[in-house]
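Report on the following structure.
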Amino acid sequence: MQLKRVYLYDDPEMDGLDTEALGRYLRARLPQVAVEVRGEFFTHQLRRVAEEDQGTAARELAKQLRRAQVKDLVHPAERRASGREDPAELGLGPVYRAAALQAIMSVLLHSSEAGLDHLHIVLAGQAIGDWDETRQFRLRVACLGQPSIVSTVGLVEVPRRPRQYSFMRAHLVALGLEEDLDDLAEAFGRQALGYGDPRINDVLKGYALMAVFYRLYGEGPCADRTCRLYDAATQEELLACQCGPRTRLCRRHSEMLAAAGGRPE
Ligand SMILES: [Zn+2]
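Just so we're aligned, residue 0 is where the sequence shown starts under our numbering, counting upward by one.
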């Protein structure tokens, strides 16, 4: 197996997240790989810098992160013709261009951990996205590569919630009944991932494996809706393929994992 070490970075801001448990899951799937669970990515990397240089390094990092932020959701080529769309209106904090955030993180990796036999998986509290081919800005769950970023916010916000939920939510907002939104979220709780939802730990297993498969085989998500590597478009699909009682990899991906020395579920 080409993969020797996996580093898994925690998102300390995400309630209900159990990164140690995800680390144990990866160890069970990949018994020949050393899996190390670490704290928040930027904190971990900055700690490696000599103490007297940490202030400068932190300021430089903040500057780079500001540059990677999306300031306007309108595609750069369309900005003359249309008004500005403020990402703040999404209510998700700063939104980053996925590839730009990945590039910033990649430079911070220690050279001894940057080789192809090392894989860094960052559970990130940042919202990430990019413009698609129709110049629409799309939030994303994951950006695979070195490091592979999985946005914990993205897991809650990107896969579509049930149509009825969206309809009723818009209805309540139109009537000015915002105080009823929590009840509505609770009523639909089983059907969609919410903040603090412990099911995020099951859902992340699939995304962590996606990062592993991408590294091992250069392959993206699976087309089989029952496979952990399926890239779910809706919350319903997401919960079905990651949290169901018979959740596992499809046959082809189970065989590929076994061929690489891993142990499928
Ligand atoms: Zn599959």
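Glycine is no exception: its CB is placed at the ideal position from the N, C-alpha and C atoms.
| Query | Result |
| --- | --- |
| Taking 9 angstroms as the cut-off, decide whether the C-beta atoms of Arg160 and Ala191 are in contact. | yes |
| Can you name the start and end residues of the alpha helix (DSSP H) that Phe166 belongs to? | 162 to 173 |
| What first and last residue would you give for the alpha helix (DSSP H) that runs through Glu19? | 18 to 28 |
| Can you tell me whether DSSP reads Tyr216 as helix, strand or coil? | helix |
| With the cut-off set at 9 angstroms, would you say Glu84 and Phe136 are in Cβ contact? | yes |
| Do Pro86 and Lys70 have their CB atoms nearer than 9 angstroms? | yes |
| What does DSSP give as the partner residue(s) for Ile148 in the beta ladder? | Val121, Cys142 |
| Please report the distance separating the alpha-carbon of Glu236 from that of Gly128. | 21 angstroms |
| Would the stretch 41 to 60 and the stretch 141 to 161 be scored as touching if the rule is three or more Cβ pairs under 8 angstroms? | no |
| Anyone know if the C-beta pair for Val140 and Tyr216 falls short of 9 angstroms? | no |
| Any residue with its C-beta under 5 angstroms from a non-hydrogen atom of ligand 1 counts. Can you list them all in chain order? | Cys221, Asp223, Cys226, Leu228, Cys249, His252 |
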